[in-house]
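Student:
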Amino acid sequence: MKFLVIGGNAAGMSAASRVKRKSPDTEVVVLEQTHEVSYGACGLPYYVAGLNNNLDLMRIRKADQFLANGVDLRLGCDVTDADFTAKTVSYTDENGEAHVESYDKLLIATGSSPKVPPIPGIRQKNIFPLKTLDQAAALKLALESNPKSVVIVGGGYIGLELAEACILQKVPEIHIVEALDRLLNVFDPEFSEMVKTELEKNGVHIHLGERVMSFEGEDDKVTAVKTDKDCYAADVVILSIGVSPNTRFLSEGIEKLGNGALVTDASMKTSVPDVYAAGDCASVWSKLLDKPMYIALGTNANKQGRLAGDAVLGKNVRFARALGTSMLRVMGMEFAKTGLGEQECKANGIDYKTTTVESRSHARYYPDPVTLTVKLTYRAADKVLLGAQIAGAKEAAVRIDTFACAVDQGMTTDELGFLDLGYAPPFASVWDAIAIAANASK
Ligand SMILES: Cc1cc2nc3c(=O)[nH]c(=O)nc-3n(C[C@H](O)[C@H](O)[C@H](O)COP(=O)(O)OP(=O)(O)OC[C@H]3O[C@@H](n4cnc5c(N)ncnc54)[C@H](O)[C@@H]3O)c2cc1C
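Note that the sequence shown covers residues 811 to 1252 in the working numbering.
1) State whether the region 995-1015 contacts the region 1155-1163, with contact taken as three or more CB pairs (one from each stretch) at a distance under 8 Å.
2) Quick one, which of 924, 912, 1135 has its alpha-carbon nearest residue 892's?
3) At which residues does the alpha helix (DSSP H) containing residue 1004 begin and terminate?
4) Please classify residue 1232: does DSSP put it in a helix, a strand, or coil?
5) What are the partner residues of residue 884, as DSSP defines its beta bridges?
6) Taking the beta strand (DSSP E) that residue 908 belongs to, which residues open and close that run?
7) I'd like the span of the alpha helix (DSSP H) that includes residue 924, first residue to last.
8) Going straight from the alpha carbon of residue 1107 to that of residue 1137, what length do you get?
9) Check whether the Cβ of residue 920 sits closer than 6 Å to any heavy atom of ligand 1, and report yes or no.
10) Across which residues does DSSP place residue 1015 in a beta bridge pair?
11) Got a sec, what are the start and stop residues for the beta strand (DSSP E) residue 1213 sits in?
12) How about residue 976: is its Cβ closer than 6 Å to a heavy atom in ligand 1?
13) Answer yes or no: the CB of residue 844 versus the heavy atoms of ligand 1, is any distance below 6 Å?
14) Could you tell me which residues DSSP puts in a beta bridge with residue 1137?
15) Please give me, in chain order, every unbroken run of the alpha helix (DSSP H) with length at least 4 that falls completely inside the region 852-902.
16) Should residue 1090 be counted as a contact of ligand 1 given a C-beta to heavy atom distance under 6 Å?
17) Assuming residue 1202 contacts residue 821 under a Cβ cut-off of 8 Å, what Cβ separation, rounded to an integer in Å, is found between them?
18) Between 1132, 929, 1056, 1146, which has its C-alpha nearest residue 997's C-alpha?
19) In the DSSP output, what is residue 1095 paired with across the bridge?
20) Measuring only from the beta carbon, is residue 1147 closer than 6 Å to any heavy atom that is part of ligand 1?
21) Should residue 889 be listed as close to ligand 1, given that the test is whether its C-beta is under 6 Å from any heavy atom?
22) Residue 935: which of 1234, 1025, 1111, 826 sits nearest, CA to CA?
23) With distances taken between CB atoms, is the gap from residue 985 to residue 1042 smaller than 7 Å?
24) Measure the C-alpha to C-alpha separation of residue 1169 and residue 1207 and round it to an integer number of angstroms.
25) With distances taken from CA atoms, which of 1198, 1252, 1248 is nearest residue 1190?
26) Which class does residue 1067 belong to by DSSP, given the choice of helix, strand or coil?
27) On the DSSP letters alone, give me the boundaries of the beta strand (DSSP E) that residue 1108 sits inside.
28) Got a sec? Which residues, its chain only, sit under 8 Å from residue 948 by beta carbon, not counting five neighbours each side?
29) Measure the alpha-carbon distance for residue 1128 versus residue 1118 and round it to whole angstroms.
30) Decide if residue 1100 is buried, meaning its Cβ has at least 16 other Cβ atoms within 10 Å, or exposed.
31) Say yes only if the C-beta of residue 854 is nearer than 6 Å to one or more non-hydrogen atoms of ligand 1, and no if none qualify.
32) Since residue 1157 is in the alpha helix (DSSP H), which residue starts that stretch and which ends it?
33) For the region 875-884 against the region 918-932, do three or more pairs of beta-carbon atoms, one drawn from each stretch, fall closer than 8 Å, so that the two count as touching?
34) Once DSSP output is grouped into helix, strand and coil, what is the label at residue 942?
35) So, using beta-carbon positions, are residue 1216 and residue 1195 closer together than 7 Å?
36) Run through the DSSP bridge pairs and tell me what residue 1245 is partnered with.
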């Protein structure tokens, strides 16, 4: 059997490694556009911030290791088309030569790229998206060159992590321009407000409900960002307005979501026989909504890739439990979310209730407890937990994993409230914040 993988990062290399490990005789070919494989994009904001100055640490496994394990990894190979009838893909290699490669089973793992909208002036120097190691190195260099003002366009996860990076790099003036009326809009509004307060406390200027109209420049280098309301000086611009799945090279004949992500079932099969998809280029099966959704996270990419590897070897796999669990830190605050917030419950016509509580991170008599804010969403009829959001100065984010287990297992808030959670004064209270929130749910 010949297993062909397009894309050599989290999803693609997880699948390739899995197949080679479980079935050493299977021919595994990976076509990767760039000269990087298997790196951790999630760590790049901390490299840009100067918390880690060794970019090489981002490389989780190197090309040589995959080659030594028998994976036919071909770098600099850009796949331009696929013929699902002939079971071939076309690609150009690093010398520009065209090739056709056949497959028995194909995995599309081409990931996503930051959106770069056609705004006037966007091609000027010092305007940076962030996804690749090269982009991270260039952005870090720009931030270390003493810019007076940085404008971040987009107030989602990556924009906020990079706002922290700018603060840590001691940029004197930092602006975030966000078209929506709040930051971090995957969370409910009260958490957006908390993150805004934290950023403002650290001197960041937040501009909500503003659209970028143009990037002004001099000598082909950006100098300012013009919005529909104002104009902000900028030596550096960071673009973080979301990502698009890299699926444009695939013409008709394969089912896609509205944003271009390949529709997959719970075993990573696409609408085309013998063609699988995993990671940021694909949908993932939402446990709570029971349908394919676009949730571009490294957590999903790794799991989908590994299971796609099992699936091509004929194993009956199922990954139908994505909850969108995510976490981030912004300076002195941690935020985390799992499952559905209020806005998603409303959008999906779910009859829900919510509870929000504030409680301590650990016993009051042990040094430095902080306040944790926990908001739960649960089904009105039977109190089955649908989601949780949490914020606090410390010891907050990892608590989300208990909520993720509870949501995954369909627990009611009553069951969660009496779960046998651990307790010792440095870590928790005898009634942990998790149990307090669950038991406050009426
Ligand atoms: C700054 C940043 C921070 C993040 N932080 C987190 C986090 O904290 N937690 C979390 O869960 N997730 C995080 N993510 C998301 C996570 O990095 C992605 O979900 C993950 O990288 C997706 O892996 P992937 O293999 O599906 O796709 P990608 O990482 O996009 O890899 C796809 C690969 O396919 C190659 N490719 C594309 N098109 C072609 C083609 N036509 N031919 C050949 N090769 C091609 C690309 O060059 C690339 O190497 C973050 C992402 C970024 C950018």
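The beta carbon of each residue, even a glycine, is placed where N, CA and C say it ideally should be.
Note that this is a predicted model, so its numbers are computed, not measured.
Tutor: So, to answer that:
1) no
2) Ranking the options by Cα distance to residue 892, first place goes to 912.
3) 999-1011
4) coil
5) 841
6) 908-912
7) No alpha helix (DSSP H) holds residue 924; the beta strand (DSSP E) holding it covers 922-924.
8) 11 Å
9) Yes, Cβ of residue 920 sits closer than 6 Å to a heavy atom of ligand 1.
10) Beta-bridge pairing links residue 1015 to 985.
11) Note, residue 1213: premise wrong, no beta strand (DSSP E); alpha helix (DSSP H) at 1210-1218.
12) The closest heavy atom of ligand 1 lies 6 Å or more from the beta carbon of residue 976.
13) yes
14) Its beta-bridge partners are 1146.
15) 854-858, 873-878
16) Checking the Cβ of residue 1090 against ligand 1 gives yes.
17) The pair is not a contact, with the Cβ atoms about 32 Å apart (cut-off 8 Å).
18) 1146
19) 1102
20) no
21) yes
22) Residue 1025 is the option with its Cα nearest to residue 935.
23) Less than 7 Å divides the Cβ of residue 985 from the Cβ of residue 1042.
24) 14 Å
25) 1252
26) coil
27) No beta strand (DSSP E) holds residue 1108; the alpha helix (DSSP H) holding it covers 1108-1122.
28) 938
29) Our two residues, residue 1128 and residue 1118, have alpha carbons roughly 9 Å apart in a direct line.
30) exposed
31) Checking the Cβ of residue 854 against ligand 1 gives yes.
32) 1152-1157
33) no
34) coil
35) yes
36) Residue 1245 is not bridged to any residue.
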